[in-house]
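For the sequence shown, the residue numbers in the working numbering are 2 to 260. By construction, the Cβ of each residue, glycine as well, lies at the ideal position given by its N, Cα and C atoms.
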Amino acid sequence: MHQTEKQFVLPVTDVKASADTTAETTSQALYGESVKVLETNKHWSFIRNQRDDYEGYVDSRSTGPKSHISTHWVATRATLVFAEPDIKSRLLLRLGFGAEVSLSNEPVVAKHFRQTVDGSFAWHAHYLPTNTVMTDDFVDIARAHFIHAPYLWGGRTSDGLDCSALVQLACFAAGTMLPRDSGEQEKHINNSIGQHERKRNDLVYWPGHVALLVDKHTVLHATAHHLCCVIEPLAAIIQRAGEVSSIQRLIAGTEPSAS
């Protein structure tokens with residue numbers, strides 16, 4: 002199968018279950034993420050996201066040539082990219098947490114801005130260099146950037162995300178890459194612990210759902226029950242969703258299996 006390496010050029014791209022605008026959105030791709038285009042036609046491309054190996058169909062116009070290597074990623078809930086190093090200049094992009102950019106080697110200009118390789122201007126303090134860890138506390142990351150964000154099936158931004166995306170993005174910022182979906186995450190981590198051992202930052206799994214332990218009795222999760230990211234008692238979720246399938250303890254540096 003011929004594969005072409007590209008990158009996503011839109012702030013957010015819906016990944017579809019099939020080559021149809023009305024098909025289910027199973028995930029989203031973020032600006033700057035590298036992608037393998039496995040098949041393509043005039044309107045649709047079947048792709049594999051290089052960050053987590055997730056596959057699906059995207060509008061072919063959402064990807065472009067991979068002209069540079071990402072140097073930084075967005076480390077705030079969202080950030081804006083401008084045409085000039087001036088907050089009053091034309092707005093070009095709104096990028097979400099985890100999006101990737103390539104910043105030039107030129108020093109910071111106009112106090113806070115740094116130029117991207119394509120000539121636009123980014124607020125430097127909103128980015129971290131690639132492979133830089135924000136913190137090793139998943140809960141702190143999730144609470145700071147996604148608490149009260151809307152729940153959206155297949156979403157991966159603070160404008161809307163699902164349970165597994167919340168966990169995936171928080172772990173990414175802590176230096177650990179997980180698969181996209183909760184079931185694959187649970188199988189991949191494969192480090193189940195007993196309920197009496199559970200503690201902050203452990204991952205609690207049910208069939209089709211995952212939550213982050215804030216402490217032994219409380220979780221943070223993106224949930225369709227409240228249609229947003231909330232903190233609530235673990236017991237309340239067990240009461241409505243049933244017993245957990247496992248509690249997983251993530252080992253730092255975990256990487257997704259090669260596809």
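C-beta contact flag for residue i and residue j at 8 angstroms
{"i": "Ala76", "j": "His127", "result": "yes"}
{"i": "Asn191", "j": "Arg250", "result": "no"}
{"i": "Gln153", "j": "Asp163", "result": "For the sequence presented, residue 153 should be read as Leu rather than Gln. Yes; because the gap between Cβ atoms is below 8 angstroms, this pair is in contact."}
{"i": "Val168", "j": "Val211", "result": "yes"}
{"i": "Arg114", "j": "Pro86", "result": "Arg is not the amino acid found at residue 114; the sequence shown has Phe there. Going by C-beta atoms, Phe114 is nearer than 8 angstroms to Pro86."}
{"i": "Ser35", "j": "Lys67", "result": "yes"}
{"i": "Val134", "j": "Arg201", "result": "no"}
{"i": "Gly33", "j": "Gln8", "result": "yes"}
{"i": "Thr72", "j": "Thr136", "result": "no"}
{"i": "His18", "j": "Trp45", "result": "The identity of residue 18 in the sequence shown is Ala, whereas the question assumes His. Result no, Cβ atoms of Ala18 and Trp45 do not sit closer than 8 angstroms."}
{"i": "Cys230", "j": "His149", "result": "yes"}
Rounded distance between the beta-carbons of residue j and residue i, thought under 8 angstroms
{"i": "Phe122", "j": "Phe147", "result": "Between Phe147 and Phe122 the Cβ distance is about 26 angstroms, and since that is not below 8 angstroms, they are no contact."}
{"i": "Leu214", "j": "Val220", "result": "6 angstroms"}
{"i": "Arg95", "j": "Ala111", "result": "Going by Cβ atoms, the distance from Arg95 to Ala111 rounds to 20 angstroms, so no, they are not a contact pair."}
{"i": "Leu129", "j": "Trp74", "result": "6 angstroms"}
{"i": "Trp207", "j": "Ser246", "result": "6 angstroms"}
Collapsed DSSP secondary structure at residue i in the structure displayed
{"i": "Arg250", "result": "coil"}
{"i": "Ser46", "result": "strand"}
{"i": "Gln8", "result": "strand"}
{"i": "Glu185", "result": "helix"}
{"i": "Ile238", "result": "helix"}
{"i": "Arg95", "result": "strand"}
{"i": "Ser35", "result": "strand"}
Min CB distance residue i to chain C below 8 angstroms
{"i": "Tyr152", "result": "In the structure shown, chain C does not exist; there is a single protein chain."}
Those runs of the beta strand (DSSP E) which lie wholly inside the stretch 187–229 and span at least 3 residues: 204–207, 210–216 and 219–224
Cβ pair count under 8 angstroms reaching 3, the stretch 41–61 against the stretch 18–27: yes
Contact between the stretch 170–178 and the stretch 87–101 (3+ Cβ pairs under 8 angstroms): yes
In chain order, each alpha helix (DSSP H) run of at least 4 residues that lies wholly inside the stretch 102–178: 139–147 and 164–174
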